[in-house]
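Below: one structure, written as structure tokens.
The following block contains the structure:
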């Protein structure tokens, strides 16, 4: 059967700040600029979740996108949506919540829940002009 | 001269939460749902700033959009961008930072800085699927 | 309190064809072109639902957009989404399902469910380059 | 019959520069900045053409959008698309081709070709973050 | 000469339903949900057609995008636009018209018409939040 | 450390025409159609600049996107924005300014300024429906 990629876009809103607690305030302010603001700021994140695999001849699907959407809601959005990433999400207890790190964490959380044999690629939009991509290592 | 509207879109990122301090936590949670989360969440706000007036025959402009953009940056974005609206922006000391109230506050801050004779209309996007408009009273 | 407009975008997918049963096939083909195709075609419709009214000082809302979204789902999307507008939706039994008529029907169905004192304006996107607006009569 | 607005988006690419020949170069450079560059620059213009009127009960249309699109192509795009507005379009022989003036000129050219009884409103996007609107005087 | 990818986006509107005729109605309803609706629903499909190859030094083109667009219209859109994919398009006589299968079919139809030496990649948007990609096997 | 791609979108407006001076006017008109218009036309170009590399554990960044944006402004936009590509930009003295060639030139100009070890991929949008990609040779 042909190999195809299918994508579902999901979204969440969250607050965050960028800070490396091992460095002092001057370093953080210089490195992260306004993103280091101690009272947080936030984004509308859009997450494009792409899975790649063979088309199932019985359904014509690589994977049912409704199931993929439900999986993302349960595994990712329930933890991230309307949250403060620094204070409320344990995944970022020892990790700076940059877009890069959010994408890596989402990939690692989601991958074990996918059917075997499907590759996973994530694109995370922090703003309409800034985004990151991660496809595992 | 013909009357025309011109718009410049500007943007800012901010954290906020919705809470009415005069009411108890149960009321706030029921009224605002996840938007009441005490640790904040955030958005990429897009603000469409529209001014309406006669076209100046010497320039062909209603108003120079570079000047309008600079005005928005000085009067609005410097106060709002990468900020926590509840904790850091005095305009919301006694006002819940809903999209409606943010739009009204921006209108009242910006209007006195415009050249006389220009009407002002604001559209504030909280997400690509939710927005508000305010044109003064 | 200031008067403000708030909008929620909702969407539905549907099949339709444009045909006036009182006229013959040649007239229909000439008037509606490929839109008259007897086996139907379809669209991803986006519906921008705007309500206008005073901001409630206790909530900072004109109307809770979650409630507006739920209302649209119950009153409109349950009837229209993943449907054939000509064959399955009684509202179009005697009405050609053009974008104009869909907008008018949605307005008349939704308006009675809104809190009193709120004006309603609808924008219906049939494609990203074609849309209609209706605000009542 | 209900009154409704229908819109068709059309587009054209053009080169232009902003210059008032009655003023000297220093004034033009200060007023128009890089837009005064003597060798021109350009844009992808999007033009949203909105007509408002009663829905025809026989067709369900305010106006056939295919006909509106064809009219825009014949009356407007044939003159503007892939052109230098300053050098090749007679409408701007004595008029600075700002977005405001382009919108006014398009409105005056298109209006006489519309069926009687329809109002016309134009929105011209010069970039995705700058646009103007004109609805006649 | 450098190797480059060039893309042209084309679109079509179509009705379809998802059904595997070898399985019973209960299976189809459970597998495809509302997409199995027997009276069809529809979409605005956007198709991003990407060809990759060396830049021709005489034209600066990998391939003239006007020619690519015309080819897509003749080979693909003439068969798909304003059609019912299940009833009117022979390509889907024995194939469920999921986005995956539509992409594969379009690739196989279009590829033989391209100049030799160009790779082909397709992205098909079923909605702005759901899309598939296919690049051959 | 995980390998990730990060993208910043920047934009510029420019005028250009497509012409091969080694060929006669008839050939140019036939090959380039309205794009050969001797008085130029123009576009709003959007350039998606993607760099790929390991995430720095100290910052959580592959590369600071503010620095990438500043680099693009200095190396690319200062040369291209509000310019006539044929007349004013030396990079196109002997090169037809098609989207393909603009992308290749931008890649070659920008690459030496990037930190070592980062791969560079560019996507250049000439219109919202036409774009090219280049990732080096």
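Chains as they are written, first to last, in this note's numbering: chain C, 85 to 221; chain G, 85 to 221; chain P, 85 to 221; chain X, 85 to 221; chain A, 85 to 221; chain B, 85 to 221.
Ideal Cβ positions, reconstructed from N, Cα and C, are used throughout, including at glycine.
These figures come from a predicted structure and were not determined experimentally.
Annotation for residue 157 of chain C: 94 place their beta carbon closer than 8 Å to its own, counting only its chain and skipping 5 residues before and after. The stretch 155 to 171 of chain A makes contact with the stretch 113 to 129 of chain P; the number of CB pairs closer than 8 Å reaches 3 or more.
Assignment of alpha helix (DSSP H) within the stretch 109 to 178 of chain B, counting only whole runs of 4 or more residues, yields 109 to 116, 149 to 156, 169 to 172 in chain order.
Across the stretch 145 to 159 of chain C, CB contacts with chain A closer than 8 Å involve 145, 146, 148, 149, 150, in sequence order along the chain.
Its chain contains 97 as the residues whose beta carbon lies nearer than 6 Å to that of residue 128 of chain C, once the 5 sequence neighbours on both sides are disregarded; these appear in chain order. Contact with chain X is found for residue 115 of chain P, since one of that chain's Cβ atoms lies less than 8 Å from the residue's Cβ. Separation of the CB atoms of residue 179 of chain X and residue 185 of chain X is rounded to 5 Å, and the pair is thereby assigned contact status at 8 Å. Distance check between residue 119 of chain P and each of P:101, P:130, P:131 places P:101 closest, using alpha-carbon atoms only. For residue 104 of chain A, there is no enclosing alpha helix (DSSP H), since its DSSP letter is neither H nor E.
Distance from the Cα of residue 139 of chain P is smallest, within the candidate group P:130, P:112, P:149, for P:149. In the three-state reduction of the DSSP assignment, residue 192 of chain X falls in the helix class, which pools H, G and I. The beta-carbon distance between residue 92 of chain G and residue 213 of chain X, rounded to whole angstroms, is 7 Å. This is short enough to meet the 8 Å contact definition. Interface residue (Cβ-Cβ distance to chain C less than 8 Å): residue 86 of chain B is classified as such.
Annotated three-state conformation of residue 183 of chain X is helix, per DSSP. About 5 Å separates the CB atoms of residue 90 of chain C and residue 146 of chain C; that is less than 8 Å, so the two are in contact.
In summary, residue 207 of chain P is buried, with 16 or more beta-carbon neighbours lying within 10 Å of its beta-carbon over all protein chains present.
Just so you know, the alpha carbons of residue 134 of chain A and residue 187 of chain A end up roughly 13 Å apart. Contact of residue 165 of chain B with chain X by beta-carbon distance below 9 Å involves 118, 125. Counted as a single uninterrupted DSSP element, the beta strand (DSSP E) harbouring residue 208 of chain P occupies residues 203 to 211.
Note on geometry: alpha-carbon atoms of residue 181 of chain B and residue 153 of chain A lie some 21 Å from one another.
A direct Cα-to-Cα measurement between residue 219 of chain B and residue 205 of chain P gives close to 47 Å. The beta carbons of residue 217 of chain P and residue 88 of chain X sit closer together than 8 Å. Rounded to the nearest angstrom, the gap between the Cα atoms of residue 104 of chain P and residue 141 of chain X is 10 Å. At least one CB atom of chain C sits nearer than 8 Å to the CB of residue 142 of chain B.
Shortest Cα-Cα distance from residue 190 of chain C to any of C:130, C:107, C:200, C:144 involves C:130. With a cutoff of 8 Å on beta-carbon distance, residue 136 of chain P and residue 202 of chain P are scored as near each other. Close to residue 91 of chain B, with beta-carbon spacing below 8 Å, lies no residue of chain A; the smallest spacing is near 16 Å. Using a CB distance cut-off of 8 Å, residue 132 of chain X does not count as an interface residue toward chain G. Distance from the CA atom of residue 172 of chain X to the CA atom of residue 155 of chain X, rounded to whole angstroms, is 21 Å. Beta-carbon to beta-carbon, residue 99 of chain X and residue 99 of chain B are separated by about 4 Å, close enough to satisfy the 8 Å threshold. In this model, residue 161 of chain P and residue 211 of chain G are separated by some 21 Å (Cα to Cα). Contact check for residue 86 of chain X against residue 221 of chain P passes: the beta carbons are separated by less than 8 Å. Residue 174 of chain G and residue 209 of chain G have their C-alpha atoms some 21 Å from each other.
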